[in-house]
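Residue numbers (the numbering used here), protein chains in the order written: chain A, 1 to 115; chain B, 1 to 115.
Below you can see the structure in the form of structure tokens.
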């Protein structure tokens, strides 16, 4: 199946700094990528939908100025957590959609810890 | 509003026993249905999906699920589980014709297989 690579798999940063997470589709072109956040022992919550070449669509309650999403090419989307705080610590997962049949492939996730 | 309900947050079962993980959704339009598995600190792996056609869907690792439109359910089953099936399982739905085919996830069911 299609492969989605997410990097880094884990990161620890100091409060107030910014962190960038990359999501790459390795063997297909993804016109749409999704970013999710998962709190411990909870489900995935969609943060934003990213379309190549256009601005991301953020879900209600997600601060677009804090979670910057860039989808500059058909194989790469990035999520930047700006001025990170401990409450931003979470597991972030991206997915990329192959086609209109709505199947999405997921990255392995990034564990962000803000200290 | 569309939603996905996984009725059991935890399901303990002995090895080689059968298991059923329940999933119900609410929708007034056509849907696509998915089951994903998540191992600790990893992303999601697709187990199986229902897009159209036969309501009985077979997936990887010996899992299968049946789409029941009248009961709006998509329960996941395996006739004989292994220790390695211990993981979190997420049911998800995507609404055909929706804005971008975003996945809506249930809260997950933790399957614990004991020897």
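For every residue, glycine included, the Cβ atom is placed at its ideal position computed from N, Cα and C.
- Residues of chain A whose Cβ lies closer than 9 Å to the Cβ of residue 69/B do not exist, since the nearest Cβ in that chain is about 18 Å away.
- Beta-bridge partners assigned by DSSP to residue 37/A: 45/A, 92/A.
- Straight through space, the alpha carbons of residue 49/B and residue 55/B are spaced by roughly 10 Å.
- At least 9 Å separates the beta-carbon of residue 50/A from that of residue 21/A.
- The beta strand (DSSP E) runs lying completely inside the stretch 41-109 of chain B and spanning 3 residues or more are 44-50, 56-58, 64-68, 73-78, 87-95, 103-105, given in chain order.
- For the C-beta of residue 111/A, the chain B residues within less than 9 Å are, from N- to C-terminus, 41.
- In the DSSP annotation of this structure, residue 26/A is not part of any beta strand (DSSP E), being labelled neither H nor E.
- For residue 104/A, the enclosing beta strand (DSSP E) covers residues 104-106.
- Cβ neighbours of residue 113/A within its own chain (closer than 8 Å, five residues either side excluded): 10, 11, 12, 13, 89.
- With respect to residue 72/B, residue 36/B sits apart: the two C-beta atoms are not nearer than 9 Å.
- Of 79/B, 29/B, 12/B, the smallest CA-CA separation from residue 95/B is found for 29/B.
- Take residue 113/B, set aside five residues on each side of it, and the residues of its chain with a beta-carbon closer than 7 Å to its own are 13, 15, 81, 82, 83, 85, 86, in chain order.
- The Cβ-Cβ distance between residue 110/A and residue 8/A falls below 9 Å.
- Note: residue 5/B is bridge-paired with 24/B in the DSSP secondary-structure output.
- Taking a Cβ-Cβ cut-off of 9 Å, residue 63/B has no neighbours in chain A, whose nearest Cβ is about 16 Å from it.
- Contact between residue 58/A and residue 48/A holds: CB atoms are separated by about 5 Å, below the 8 Å threshold.
- Beta-carbon to beta-carbon, residue 47/B and residue 67/B are separated by about 14 Å, too far to satisfy the 8 Å threshold.
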